[in-house]
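Peer 1: Position one of the sequence shown corresponds to residue 1 (the UniProt record's numbering), numbered consecutively onward.
Cβ atoms here follow ideal geometry from the backbone N, Cα and C, with glycine treated the same way.
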Amino acid sequence: KRPGKMGWLDFVLGPKPDAAAEQRQKVAAARESEAQSRQRWEAEMHDLESKHFAGGGGAITDIDLDVRRARSRLAEDSKAQVSRAQDTTGDDQRQKKNQELKKRFASTGGQTDDNIMDEEAGKARVRLAKESKARREWEATQEKRMNRQFRKTLQNEEAVVDDDIM
C-alpha cells in the first residue's frame, strides 16, 4: 500500500475511528465557539458603551437592561457550548458495560473469608483465651486463700476496749 492511498478494504469499510482525534476536534470546536461568543459579547459591550456615551449619558436603566440582555445571550451561548462539548456517544457503551458488571456482581454472592480460626490470629485468640482462663482461676484461688487467712486472724483476735481516759 502506498502512502496516501487507501486499500480496497479501507475504502469499503471506511476510515478507522480515532476516539482521541474526535475528542480533540470537539475540544477545539468548543474553544473556537467560546472565542466567538466572547468576541460577540465584547462587540455588544462596545456598542452599548458607545451608545451610552454618544447619547450624553443616557438613562442608566436603559444600559442596565441592555447589559442584562447581553448577559442572558452570553449564558445561552455558554449552555449551548457545554451541551455540544459533552460526549454522548460513549455514554451508551459505558452504560452497557456498567449494567453487565452489575449483573456479574449480583450473580456472584459475597465470598468473604470470615473464618478467623484458620489463621494465625485465630490460633493466637485460642491461646490467649486459655491463658486468660488459667490466670483467672489462679487469681480466684489466691483470693480464696487470702480471705481464709484474713478470717482466721479475725477469729483469733480479741476485742479490746480502751476505757482509760488518760
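Do the region 21-35 and the region 63-73 meet, that is, are 3 or more Cβ pairs less than 8 angstroms apart?
Peer 2: No, they do not touch.
Peer 1: If you reduce the DSSP assignment to three classes, tell me which class residue 30 lands in.
Peer 2: Counted from its first residue, the sequence shown places residue 30 at position 30. In this structure, residue 30 counts as helix in the three-state DSSP scheme.
Peer 1: Would you tell me roughly how many angstroms separate the C-alpha atoms of residue 92 and residue 100, rounded to the nearest one?
Peer 2: The residue given as residue 92 occupies position 92 in the sequence shown. The residue given as residue 100 occupies position 100 in the sequence shown. Taking the straight line joining both Cα atoms gives about 12 angstroms.
Peer 1: Quick one: Cα of residue 75 to Cα of residue 37, how far?
Peer 2: Numbered from 1 along the sequence shown, position 75 holds the residue referred to as residue 75. Numbered from 1 along the sequence shown, position 37 holds the residue referred to as residue 37. The alpha-carbon atoms of residue 75 and residue 37 are separated by roughly 10 angstroms.
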